[in-house]
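To convert, take the position in the sequence shown, counting from 1, and add 1; that gives our numbering.
Note that CB positions come from ideal geometry on N, CA and C, so glycine has one too.
These numbers come from a predicted model, not from an experiment.
Scroll down for the structure; my scribbles are underneath it.
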Amino acid sequence: MKILFLEPFFGGSHKDFALGFKAHSCHDVTLVTLPDRFWKWRMRGAALYFVNHVKDFSVFDAIITTDMLDLTDFMSLAGKDLPPVLMYFHENQLSYPLSPRQKRDFHLGFTNIISALAADKVFFNSQFHFNDFMGSASLLIKQMPDSRPSWMIEQIREKTEVVYPGCRFKKGRVELKERELKHPLIIWNHRWEYDKNPEFFFEVLGRLKEKNIPFSLALLGERLASFPEVFSRAQEKFKDEIVVYGYVESRDNYLSWLEKGAIVVSCAIQENFGISIVEAVRFGCIPLLPDRLSYPEIMPKEFHSKILYQTKEDLITRLEDMLVNYQDYLPLQKRLSIELEQFSWEVIVKRYDTALELLKK
């Protein structure tokens, strides 16, 4: 099949997903993108760009696009020869957490709702995200003064599936490298933004430093020109522990840090899947994750009692034990790495290819 992939926000997990699908799909994928900036303008204007840029949609068998597109605008302008559309939700503007300085624009959230309604098929990247979206969509519709289109919720539900994104590692056993035992390396490989809760993370590390618990620290992950000031304070406070500070451009270099990492920690307020966590665990980092969001869903249940924490104090206690007794956790490292093979693009892509073939029929 000839597949057109329209990505209005080609960066971060959106970029990883688009490139991963194109590289692994059995179909012929044409990728058309816009840079990952001015995200509100992308939601309002990307449809106009794509309609003007792609001259003939009829040569394609199906279209994939993501939540940053106003699909109703696009479909109304693209013409009658438009092939079926699969819409993939990385995040949504109904429940995405905002910093204290931001105010929610419910118009953008409503754009997500009617775009899902307009699509022929809808995929969400986790059950948690789907439930979160549907609950928030129902609440927004109830706030309408009259003529509430509550019927939309069931129609969206009927055409929706949960399909995880693929991750950029091969299936099969990963050869895990030996870790430093004297100063185990803690990995932070999330975006340097409010919704990943860095204040919480650095407060926990500060408590461990006060107790003279030895550790090393790799602060990875994407950062914008403007990022939370707490990272600058942390650079000074943990200058003796930090071994890398900032985004690593080279994929091989990034993976080399994951292969050295002992523990990967998330304190996220928002996480609809968690590619960075899955990658780190696959390459041998033992996770410590909040017992909420998508994490209980994507981590095997048999390990929940060891890797999911409830409160800040719980995280401090668990992280201290992992750092001091890291050798005892190595059997867990190997088993988790094997379990997360299921998220390899080589495995996952079959769900996408099959869904597109069914759309064509």
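Report back the beta-carbon spacing between isoleucine 287 and leucine 333 to the nearest angstrom; my notes put them in contact at under 8 Å.
With 8 Å as the limit, isoleucine 287 and leucine 333 qualify as a contact, their Cβ atoms being about 6 Å apart.
Among residues of its own chain, excluding the 5 on either side of arginine 43, which ones have a beta-carbon nearer than 7 Å to its beta-carbon?
Excluding its 5 nearest sequence neighbours in each direction, arginine 43 has C-beta neighbours in its own chain below 7 Å: Pro9, Phe10, Leu35 and Met69, listed in chain order.
Alanine 19 versus valine 33: straight-line alpha-carbon distance, rounded
If I take the Cα positions, the gap works out to 10 Å.
Measure how close the beta-carbons of serine 345 and phenylalanine 170 come, nearest whole angstrom, since I'm counting them as under 8 Å.
Contact flag correct, Cβ pair sits at about 6 Å.
What residue range does the beta strand (DSSP E) around isoleucine 65 cover?
63 to 67 is the extent of the beta strand (DSSP E) around isoleucine 65.
Go ahead and label glutamate 242 buried or exposed: buried means 16 or more other beta carbons lie within 10 angstroms of its beta carbon, across all protein chains shown.
Here glutamate 242 is buried: its Cβ has 16 or more other Cβ atoms, across all protein chains shown, within 10 Å.
Is the separation between the beta-carbon of asparagine 273 and that of serine 127 shorter than 8 Å?
In this structure, serine 127 lies closer than 8 Å to asparagine 273 by Cβ.
Whose CA, out of Ser257, Leu341 and Arg319, lies closest to the CA of glutamate 298?
Closest by alpha carbon: Leu341.
Quick test of your reading: lysine 122 and alanine 356, contact by CB under 8 Å. State the CB separation rounded to the nearest angstrom.
Confirmed, about 6 Å.
Return the CA-CA distance between lysine 240 and isoleucine 115, expressed in angstroms with no decimal places.
Here the alpha carbon of lysine 240 sits roughly 49 Å from the alpha carbon of isoleucine 115.
Euclidean distance between Cα positions of proline 84 and serine 338
One C-alpha to the other measures close to 39 Å.
With three or more C-beta pairs closer than 8 Å as the rule, is the segment 307 to 318 touching the segment 347 to 361?
As far as the Cβ criterion goes, the segment 347 to 361 does not touch the segment 307 to 318, which means the pair count is below three.
Buried or exposed (CB count within 10 angstroms, at least 16 for buried), leucine 320
The residue in question, leucine 320, is buried, as its Cβ has 16 or more Cβ neighbours within 10 Å.
Going by the beta-carbon positions, is the gap between arginine 268 and phenylalanine 202 smaller than 8 Å?
A quick correction: the sequence has cysteine, not arginine, at residue 268. At the C-beta level, cysteine 268 and phenylalanine 202 come within 8 Å of one another.
Inter-residue CB distance, aspartate 354 and serine 96 (contact presumed, cutoff 8 Å)
In fact, because the Cβ distance is near 30 Å, the residues do not count as touching under 8 Å.
Tell me the DSSP secondary structure of lysine 178 in three-state form.
Reduced to three states, the DSSP call for lysine 178 is coil.
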